[in-house]
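Everything on this sheet refers to the single structure shown next.
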Amino acid sequence: MTHEEKLDRLAEVAVRIGVNVQTGQELIVNAPIEARDLVDRIATHAYRAGAALVIPFFADDLIQRARFREASEDSFDFAPAWLYEGVAKSIDEGAAMLTVVGTDPMLLADCDPARIGRAQRAMARAMKPVRGLISGFATNWSILSFATPGWAKSVFPGEPDPAARLWDAIFEVCRINEADPVAAWHAHVATLRARCDALNARRFAALRFSGPGTDLEVGLADGHLWAGGSATSKDGTACMPNMPTEEVFTMPHRERVNGRVRASKPLVHGGALIEDIEVRFEAGRIVEAKARRGEDVFRALIATDEGASRLGEVALVPDASPVSRSGLIFRNTLFDENAASHIALGQALALNMEGGCDAARGANESLIHVDWMIGSALMDVDGVNADGTITPVMRGGAFVI
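According to the working numbering, the sequence shown is numbered sequentially starting from 3.
Dropping the structure here:
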(Lines of atoms letter the chains of each structure in order from A; the text may use other names.)
(Lines give C-alpha, C1' and ligand atoms only; values in the text may rest on other atoms or scores of the structure.)
Protein backbone atom coordinates (compact mmCIF):
# COMPACT_ATOMS: atom_id res chain seq x y z
CA MET A 3 0.00 0.00 0.00
CA THR A 4 1.05 3.59 -0.59
CA HIS A 5 1.34 6.07 2.28
CA GLU A 6 -1.88 7.73 1.12
CA GLU A 7 -3.74 4.41 1.15
CA LYS A 8 -2.53 3.66 4.68
CA LEU A 9 -3.48 7.15 5.83
CA ASP A 10 -6.96 6.61 4.42
CA ARG A 11 -7.17 3.27 6.23
CA LEU A 12 -6.19 4.99 9.48
CA ALA A 13 -8.98 7.54 8.98
CA GLU A 14 -11.49 4.78 8.25
CA VAL A 15 -10.47 2.77 11.33
CA ALA A 16 -10.62 5.92 13.47
CA VAL A 17 -14.19 6.57 12.32
CA ARG A 18 -15.51 2.99 12.30
CA ILE A 19 -13.64 1.45 15.26
CA GLY A 20 -12.26 4.43 17.19
CA VAL A 21 -15.04 6.96 17.64
CA ASN A 22 -17.69 4.83 15.87
CA VAL A 23 -19.69 7.74 14.46
CA GLN A 24 -23.45 7.13 14.43
CA THR A 25 -26.01 8.21 11.83
CA GLY A 26 -27.12 11.79 12.47
CA GLN A 27 -24.34 12.47 15.00
CA GLU A 28 -22.13 15.55 15.02
CA LEU A 29 -18.38 14.87 15.21
CA ILE A 30 -15.93 17.29 16.84
CA VAL A 31 -12.35 16.77 15.61
CA ASN A 32 -9.39 18.32 17.46
CA ALA A 33 -6.08 18.18 15.58
CA PRO A 34 -2.73 19.85 14.96
CA ILE A 35 -2.77 22.08 11.91
CA GLU A 36 -0.28 19.75 10.17
CA ALA A 37 -2.91 16.99 10.23
CA ARG A 38 -5.23 18.70 7.73
CA ASP A 39 -4.94 15.84 5.21
CA LEU A 40 -5.86 13.21 7.81
CA VAL A 41 -8.77 15.32 9.08
CA ASP A 42 -10.06 15.68 5.51
CA ARG A 43 -10.07 11.88 5.24
CA ILE A 44 -11.70 11.50 8.63
CA ALA A 45 -14.47 13.88 7.54
CA THR A 46 -15.02 11.90 4.34
CA HIS A 47 -15.40 8.62 6.21
CA ALA A 48 -17.54 10.25 8.90
CA TYR A 49 -19.99 11.57 6.33
CA ARG A 50 -20.07 8.15 4.66
CA ALA A 51 -20.97 6.73 8.09
CA GLY A 52 -23.90 9.16 8.35
CA ALA A 53 -22.45 12.03 10.40
CA ALA A 54 -24.66 15.12 10.42
CA LEU A 55 -21.75 17.56 10.66
CA VAL A 56 -17.97 17.38 11.17
CA ILE A 57 -16.61 20.32 13.19
CA PRO A 58 -12.78 20.65 13.11
CA PHE A 59 -10.67 22.58 15.62
CA PHE A 60 -7.02 23.02 14.62
CA ALA A 61 -4.13 23.88 16.96
CA ASP A 62 -0.78 25.39 15.97
CA ASP A 63 2.33 24.57 18.02
CA LEU A 64 4.16 27.66 16.76
CA ILE A 65 1.41 29.94 18.06
CA GLN A 66 1.52 28.14 21.41
CA ARG A 67 5.29 28.61 21.64
CA ALA A 68 4.95 32.30 20.71
CA ARG A 69 2.65 32.73 23.69
CA PHE A 70 5.15 31.28 26.15
CA ARG A 71 7.94 33.44 24.75
CA GLU A 72 6.17 36.75 24.23
CA ALA A 73 2.88 37.01 26.17
CA SER A 74 2.43 39.11 29.29
CA GLU A 75 2.42 37.35 32.64
CA ASP A 76 -1.36 37.65 32.97
CA SER A 77 -1.78 35.44 29.91
CA PHE A 78 -0.70 32.29 31.73
CA ASP A 79 -3.58 32.36 34.19
CA PHE A 80 -6.13 32.52 31.36
CA ALA A 81 -7.83 29.78 29.34
CA PRO A 82 -10.90 30.09 27.08
CA ALA A 83 -13.58 28.68 29.37
CA TRP A 84 -16.22 29.88 26.90
CA LEU A 85 -14.83 27.50 24.26
CA TYR A 86 -14.94 24.43 26.49
CA GLU A 87 -18.38 25.34 27.80
CA GLY A 88 -19.58 25.27 24.18
CA VAL A 89 -17.85 21.96 23.49
CA ALA A 90 -19.35 20.50 26.66
CA LYS A 91 -22.81 21.62 25.56
CA SER A 92 -22.31 19.89 22.19
CA ILE A 93 -21.15 16.66 23.87
CA ASP A 94 -24.05 16.80 26.31
CA GLU A 95 -26.37 17.05 23.30
CA GLY A 96 -24.82 13.97 21.69
CA ALA A 97 -21.79 15.09 19.66
CA ALA A 98 -18.92 12.58 19.40
CA MET A 99 -15.28 13.65 19.77
CA LEU A 100 -12.14 12.52 17.96
CA THR A 101 -8.80 13.98 19.02
CA VAL A 102 -5.63 13.77 16.92
CA VAL A 103 -2.38 14.35 18.84
CA GLY A 104 1.18 14.94 17.70
CA THR A 105 2.74 17.66 19.84
CA ASP A 106 6.48 18.20 19.54
CA PRO A 107 7.78 17.02 22.96
CA MET A 108 10.52 19.63 22.81
CA LEU A 109 8.18 22.48 21.86
CA LEU A 110 8.52 24.34 25.16
CA ALA A 111 11.99 23.11 26.13
CA ASP A 112 13.37 26.65 26.37
CA CYS A 113 10.29 28.17 28.03
CA ASP A 114 9.75 29.10 31.67
CA PRO A 115 8.51 26.05 33.65
CA ALA A 116 6.54 28.33 35.98
CA ARG A 117 4.60 29.73 33.03
CA ILE A 118 3.96 26.21 31.74
CA GLY A 119 2.63 25.13 35.13
CA ARG A 120 0.31 28.14 35.44
CA ALA A 121 -1.02 27.66 31.92
CA GLN A 122 -1.65 23.96 32.58
CA ARG A 123 -3.62 24.73 35.74
CA ALA A 124 -5.70 27.37 33.93
CA MET A 125 -6.42 24.95 31.08
CA ALA A 126 -7.34 22.15 33.50
CA ARG A 127 -9.89 24.42 35.20
CA ALA A 128 -11.38 25.56 31.89
CA MET A 129 -11.61 22.01 30.52
CA LYS A 130 -13.30 20.57 33.62
CA PRO A 131 -16.79 20.43 32.04
CA VAL A 132 -15.44 18.55 29.00
CA ARG A 133 -13.17 16.27 31.02
CA GLY A 134 -16.04 15.18 33.24
CA LEU A 135 -18.21 14.25 30.27
CA ILE A 136 -15.37 12.43 28.50
CA SER A 137 -14.21 10.47 31.56
CA GLY A 138 -17.82 9.50 32.24
CA PHE A 139 -18.34 8.39 28.62
CA ALA A 140 -21.26 10.74 28.13
CA THR A 141 -20.53 10.19 24.43
CA ASN A 142 -18.37 8.08 22.14
CA TRP A 143 -14.82 9.41 21.74
CA SER A 144 -11.34 8.38 20.64
CA ILE A 145 -7.74 9.58 20.40
CA LEU A 146 -5.17 8.81 17.69
CA SER A 147 -1.92 10.34 16.49
CA PHE A 148 -0.43 12.17 13.51
CA ALA A 149 3.30 12.19 12.75
CA THR A 150 4.01 15.92 12.88
CA PRO A 151 7.51 17.05 11.81
CA GLY A 152 8.50 18.18 15.30
CA TRP A 153 7.40 14.96 16.97
CA ALA A 154 9.07 12.83 14.27
CA LYS A 155 12.41 14.64 14.66
CA SER A 156 12.28 14.08 18.41
CA VAL A 157 11.79 10.31 17.99
CA PHE A 158 14.24 9.93 15.07
CA PRO A 159 16.90 12.65 15.45
CA GLY A 160 19.35 12.79 12.57
CA GLU A 161 17.24 10.59 10.27
CA PRO A 162 16.89 11.87 6.67
CA ASP A 163 13.10 11.25 6.71
CA PRO A 164 11.95 11.02 10.34
CA ALA A 165 8.27 11.46 9.46
CA ALA A 166 8.31 8.39 7.21
CA ARG A 167 9.92 6.35 10.00
CA LEU A 168 7.35 7.51 12.52
CA TRP A 169 4.45 6.84 10.16
CA ASP A 170 5.73 3.30 9.63
CA ALA A 171 5.64 2.75 13.38
CA ILE A 172 2.18 4.31 13.78
CA PHE A 173 0.69 2.17 11.01
CA GLU A 174 2.22 -0.98 12.47
CA VAL A 175 1.08 -0.57 16.09
CA CYS A 176 -2.37 0.66 15.01
CA ARG A 177 -2.81 -2.54 12.95
CA ILE A 178 -3.21 -0.62 9.69
CA ASN A 179 -0.82 -3.05 7.95
CA GLU A 180 -3.13 -6.01 8.66
CA ALA A 181 -5.05 -7.48 5.72
CA ASP A 182 -8.27 -6.44 7.48
CA PRO A 183 -7.56 -3.80 10.15
CA VAL A 184 -11.16 -3.72 11.36
CA ALA A 185 -11.20 -7.50 11.96
CA ALA A 186 -7.77 -7.30 13.60
CA TRP A 187 -9.05 -4.68 16.04
CA HIS A 188 -12.11 -6.77 16.90
CA ALA A 189 -9.86 -9.78 17.66
CA HIS A 190 -7.53 -7.65 19.79
CA VAL A 191 -10.45 -6.27 21.80
CA ALA A 192 -11.61 -9.83 22.52
CA THR A 193 -8.17 -10.63 23.97
CA LEU A 194 -8.25 -7.57 26.23
CA ARG A 195 -11.79 -8.40 27.34
CA ALA A 196 -10.74 -11.91 28.37
CA ARG A 197 -7.87 -10.47 30.41
CA CYS A 198 -10.25 -8.06 32.15
CA ASP A 199 -12.65 -10.90 32.95
CA ALA A 200 -9.83 -12.88 34.56
CA LEU A 201 -8.75 -9.95 36.73
CA ASN A 202 -12.29 -8.98 37.70
CA ALA A 203 -12.88 -12.56 38.87
CA ARG A 204 -9.92 -12.29 41.28
CA ARG A 205 -11.15 -9.20 43.18
CA PHE A 206 -7.66 -8.30 44.38
CA ALA A 207 -7.39 -5.91 47.32
CA ALA A 208 -4.16 -4.43 45.97
CA LEU A 209 -1.41 -4.74 43.36
CA ARG A 210 2.26 -4.87 44.34
CA PHE A 211 4.87 -3.64 41.83
CA SER A 212 8.53 -4.70 42.22
CA GLY A 213 11.37 -3.63 39.94
CA PRO A 214 14.38 -1.33 39.64
CA GLY A 215 13.70 1.67 41.87
CA THR A 216 10.15 0.48 42.50
CA ASP A 217 8.56 -1.11 45.57
CA LEU A 218 4.96 0.05 45.39
CA GLU A 219 1.64 -1.24 46.72
CA VAL A 220 -1.46 0.15 45.02
CA GLY A 221 -4.60 -0.55 47.00
CA LEU A 222 -7.63 -0.94 44.77
CA ALA A 223 -10.89 0.93 45.24
CA ASP A 224 -13.85 -0.87 46.75
CA GLY A 225 -16.02 -2.11 43.89
CA HIS A 226 -13.28 -1.53 41.32
CA LEU A 227 -13.69 -2.85 37.77
CA TRP A 228 -11.04 -3.73 35.21
CA ALA A 229 -11.57 -2.33 31.71
CA GLY A 230 -9.65 -2.40 28.45
CA GLY A 231 -10.05 -2.18 24.70
CA SER A 232 -13.45 -0.80 23.77
CA ALA A 233 -15.80 1.13 26.02
CA THR A 234 -19.50 1.92 25.82
CA SER A 235 -20.99 5.41 26.04
CA LYS A 236 -24.08 6.17 28.08
CA ASP A 237 -26.29 5.77 24.99
CA GLY A 238 -24.83 2.31 24.29
CA THR A 239 -22.39 3.19 21.51
CA ALA A 240 -19.14 1.19 21.57
CA CYS A 241 -15.93 3.12 20.94
CA MET A 242 -12.15 2.63 21.20
CA PRO A 243 -10.91 5.48 23.42
CA ASN A 244 -7.22 5.03 22.59
CA MET A 245 -5.61 3.92 19.33
CA PRO A 246 -3.31 2.11 19.88
CA THR A 247 -4.34 0.38 23.10
CA GLU A 248 -2.73 -2.58 24.87
CA GLU A 249 -3.72 -1.88 28.48
CA VAL A 250 -6.14 -3.26 31.00
CA PHE A 251 -6.75 -0.76 33.78
CA THR A 252 -8.67 -0.20 37.00
CA MET A 253 -9.18 2.26 39.84
CA PRO A 254 -6.76 2.64 42.77
CA HIS A 255 -8.06 3.65 46.18
CA ARG A 256 -7.07 7.28 46.65
CA GLU A 257 -5.78 6.66 50.20
CA ARG A 258 -4.20 3.19 49.87
CA VAL A 259 -1.07 3.73 47.78
CA ASN A 260 2.28 3.36 49.54
CA GLY A 261 5.93 3.01 48.56
CA ARG A 262 8.39 4.17 45.93
CA VAL A 263 8.15 4.08 42.16
CA ARG A 264 10.47 5.10 39.33
CA ALA A 265 9.32 6.00 35.81
CA SER A 266 10.54 3.67 33.07
CA LYS A 267 9.95 6.12 30.19
CA PRO A 268 9.83 9.91 29.75
CA LEU A 269 6.59 11.82 30.20
CA VAL A 270 5.61 14.57 27.77
CA HIS A 271 3.01 16.93 29.16
CA GLY A 272 1.85 20.21 27.72
CA GLY A 273 4.85 20.45 25.39
CA ALA A 274 7.36 19.84 28.20
CA LEU A 275 9.58 16.77 28.56
CA ILE A 276 9.89 15.20 32.04
CA GLU A 277 12.49 12.44 32.48
CA ASP A 278 13.43 9.98 35.25
CA ILE A 279 10.54 10.69 37.60
CA GLU A 280 10.86 9.18 41.08
CA VAL A 281 8.21 9.57 43.77
CA ARG A 282 7.24 8.19 47.15
CA PHE A 283 3.60 7.67 48.13
CA GLU A 284 2.30 7.65 51.66
CA ALA A 285 -1.37 6.99 52.43
CA GLY A 286 -2.18 7.59 48.77
CA ARG A 287 -0.42 10.94 48.33
CA ILE A 288 2.94 11.82 46.78
CA VAL A 289 5.13 13.06 49.64
CA GLU A 290 8.46 13.08 47.78
CA ALA A 291 9.05 13.81 44.08
CA LYS A 292 12.03 14.39 41.84
CA ALA A 293 12.95 14.19 38.16
CA ARG A 294 16.24 14.52 36.30
CA ARG A 295 14.64 16.82 33.75
CA GLY A 296 11.44 18.86 34.00
CA GLU A 297 11.14 18.54 37.78
CA ASP A 298 9.62 22.02 38.11
CA VAL A 299 6.94 21.13 35.55
CA PHE A 300 6.18 17.86 37.34
CA ARG A 301 5.94 19.57 40.71
CA ALA A 302 3.57 22.14 39.25
CA LEU A 303 1.49 19.33 37.79
CA ILE A 304 1.03 17.50 41.09
CA ALA A 305 0.20 20.81 42.79
CA THR A 306 -2.73 21.48 40.42
CA ASP A 307 -5.18 20.53 43.18
CA GLU A 308 -5.44 18.15 46.14
CA GLY A 309 -6.21 15.13 43.95
CA ALA A 310 -3.36 15.75 41.50
CA SER A 311 -0.84 14.09 43.83
CA ARG A 312 -3.00 10.95 44.12
CA LEU A 313 -3.78 8.17 41.64
CA GLY A 314 -6.87 7.82 39.47
CA GLU A 315 -5.78 4.81 37.41
CA VAL A 316 -3.42 1.84 37.43
CA ALA A 317 -2.86 -0.11 34.21
CA LEU A 318 -1.10 -3.33 33.23
CA VAL A 319 0.58 -3.68 29.82
CA PRO A 320 2.72 -6.64 28.72
CA ASP A 321 6.31 -5.80 27.82
CA ALA A 322 5.78 -7.81 24.60
CA SER A 323 3.09 -5.42 23.32
CA PRO A 324 3.54 -4.24 19.69
CA VAL A 325 4.44 -0.75 20.94
CA SER A 326 7.12 -2.15 23.24
CA ARG A 327 8.43 -4.52 20.54
CA SER A 328 9.01 -1.53 18.27
CA GLY A 329 11.91 -0.62 20.56
CA LEU A 330 11.00 3.06 20.29
CA ILE A 331 10.44 5.69 22.92
CA PHE A 332 7.70 7.69 21.23
CA ARG A 333 7.74 10.62 23.67
CA ASN A 334 3.97 10.58 23.30
CA THR A 335 1.89 9.21 26.16
CA LEU A 336 -0.74 7.68 23.87
CA PHE A 337 1.97 5.34 22.55
CA ASP A 338 4.38 4.99 25.45
CA GLU A 339 1.60 4.08 27.90
CA ASN A 340 0.86 1.11 25.65
CA ALA A 341 4.44 -0.10 25.87
CA ALA A 342 4.53 -0.34 29.66
CA SER A 343 2.41 -0.72 32.75
CA HIS A 344 1.57 2.70 34.12
CA ILE A 345 -0.18 4.80 36.73
CA ALA A 346 -2.19 7.99 36.24
CA LEU A 347 -2.24 10.99 38.51
CA GLY A 348 -5.56 12.69 39.12
CA GLN A 349 -9.14 11.98 38.14
CA ALA A 350 -10.53 8.46 38.43
CA LEU A 351 -12.59 7.02 35.58
CA ALA A 352 -16.26 6.19 36.08
CA LEU A 353 -16.09 2.94 34.10
CA ASN A 354 -13.61 1.56 36.66
CA MET A 355 -16.09 1.43 39.56
CA GLU A 356 -19.43 -0.31 39.98
CA GLY A 357 -22.06 2.42 39.83
CA GLY A 358 -19.58 5.13 38.80
CA CYS A 359 -17.10 7.23 40.79
CA ASP A 360 -17.73 7.36 44.52
CA ALA A 361 -15.25 9.09 46.83
CA ALA A 362 -16.48 7.04 49.80
CA ARG A 363 -15.22 3.88 48.06
CA GLY A 364 -11.88 5.43 47.08
CA ALA A 365 -12.42 7.28 43.78
CA ASN A 366 -10.07 10.23 43.32
CA GLU A 367 -11.16 13.62 41.99
CA SER A 368 -8.93 16.12 40.20
CA LEU A 369 -8.78 18.55 37.29
CA ILE A 370 -6.04 16.42 35.70
CA HIS A 371 -5.56 12.85 34.48
CA VAL A 372 -1.95 12.22 33.45
CA ASP A 373 -0.50 8.76 32.76
CA TRP A 374 3.17 7.95 33.26
CA MET A 375 4.98 4.71 32.63
CA ILE A 376 6.53 2.47 35.30
CA GLY A 377 6.64 -1.01 33.72
CA SER A 378 9.44 -2.87 31.93
CA ALA A 379 10.78 -6.36 31.25
CA LEU A 380 12.22 -6.21 34.79
CA MET A 381 8.91 -5.50 36.52
CA ASP A 382 6.99 -8.09 38.55
CA VAL A 383 3.39 -7.52 39.63
CA ASP A 384 1.54 -9.46 42.33
CA GLY A 385 -2.12 -9.39 43.27
CA VAL A 386 -2.74 -9.08 47.00
CA ASN A 387 -5.83 -11.02 48.00
CA ALA A 388 -8.25 -9.91 50.72
CA ASP A 389 -6.70 -12.44 53.11
CA GLY A 390 -3.18 -11.12 52.45
CA THR A 391 -2.03 -14.01 50.29
CA ILE A 392 -0.24 -13.28 47.03
CA THR A 393 -1.15 -14.27 43.46
CA PRO A 394 1.47 -13.67 40.73
CA VAL A 395 0.04 -11.49 37.94
CA MET A 396 3.11 -10.53 35.88
CA ARG A 397 6.68 -11.81 35.84
CA GLY A 398 9.35 -10.02 33.87
CA GLY A 399 6.69 -7.83 32.26
CA ALA A 400 4.61 -10.80 31.03
CA PHE A 401 1.20 -11.89 32.25
CA VAL A 402 1.12 -15.18 34.18
CA ILE A 403 -2.52 -15.03 35.21
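Glycine included, C-beta positions come from ideal geometry on N, C-alpha and C.
Out of the options, state which residue places its alpha-carbon closest to the alpha-carbon of residue i.
i, options, result
"residue 133", "163, 89, 152", "89"
"residue 276", "282, 283, 265", "265"
"residue 238", "17, 37, 96, 225", "96"
"residue 329", "14, 150, 267", "267"
"residue 386", "151, 395, 19", "395"
"residue 384", "350, 32, 47, 400", "400"
"residue 43", "17, 65, 218", "17"
"residue 261", "278, 346, 286", "286"
"residue 376", "211, 24, 241", "211"
"residue 284", "342, 257, 301, 303", "257"
"residue 28", "62, 19, 93", "93"
"residue 230", "205, 198, 241", "198"
Tell me whether the beta-carbon of residue i lies closer than 8 Å to the beta-carbon of residue j.
i, j, result
"residue 57", "residue 30", "yes"
"residue 100", "residue 169", "no"
"residue 98", "residue 21", "yes"
"residue 38", "residue 178", "no"
"residue 183", "residue 165", "no"
"residue 306", "residue 369", "yes"
"residue 220", "residue 208", "yes"
"residue 341", "residue 316", "no"
"residue 13", "residue 55", "no"
"residue 354", "residue 252", "yes"
Under the DSSP definition of a beta bridge, which residues are partnered with residue i?
i, result
"residue 385", "209, 393"
"residue 292", "280"
"residue 348", "371"
"residue 405", "A query on residue 405 cannot be resolved here, the shown segment of the chain reaching from 3 to 403 and no further."
"residue 355", "226"
Could you give the distance in angstroms between the alpha-carbon of residue i and the alpha-carbon of residue j?
i, j, result
"residue 192", "residue 26", "28 Å"
"residue 391", "residue 326", "31 Å"
"residue 189", "residue 49", "26 Å"
"residue 215", "residue 270", "21 Å"
"residue 404", "residue 121", "Residue 404 falls outside the range modelled here, since the chain spans only 3 to 403, and no answer is possible."
"residue 145", "residue 109", "21 Å"
"residue 68", "residue 228", "42 Å"
"residue 112", "residue 300", "16 Å"
"residue 403", "residue 322", "15 Å"
"residue 324", "residue 291", "31 Å"
"residue 223", "residue 6", "46 Å"
Would you mind listing the beta strand (DSSP E) stretches within the region 163-242 that are 3+ residues and don't spill past its ends, in chain order?
Complete beta strand (DSSP E) runs here, min 3: 208-213, 216-222.
Continuous alpha helix (DSSP H) assignments of at least 4 residues falling wholly in the region 9-69:
38-50
Run through the region 98-138 for me and flag every whole beta strand (DSSP E) of 3 or more residues, listed as ranges in chain order.
98-103
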